[in-house]
Amino acid sequence: MVAYAPDERCLVDALGGWLAVAKIESGSNFLKLGRLGNVSKRALDQSTANVIVKT
6 MVAYAPDERC LVDALGGWLA VAKIESGSNF LKLGRLGNVS KRALDQSTAN VIVKT
């Protein structure tokens, strides 16, 4: 199920905005970040992504 809301709380629009800002056209939606804020080309671990999304 995808949650849709007609305002800024819309998860579909939020994901679309993230993909546009991060310039992600294919592959993983979420990437690992290093200690210094460097973005890795490797995908974020699924269990870590779940914790972030549920928080």
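First residue of the sequence shown? That's 6 in this note's numbering, and the numbers climb one at a time after it.
For every residue, glycine included, the Cβ atom is placed at its ideal position computed from N, Cα and C.
- For K37, there is no enclosing alpha helix (DSSP H); the enclosing beta strand (DSSP E) covers residues 36-38.
- Separation of A25 and G32 (C-alpha to C-alpha, rounded to the nearest whole angstrom) is 13 Å.
- Here A48 is bridged, per DSSP, to L36.
- Your pair K59 and L49 does not check out as a contact, with CB atoms roughly 14 Å apart and the cut at 8 Å.
- K59 carries a helical assignment under DSSP once its states are collapsed to helix, strand and coil.
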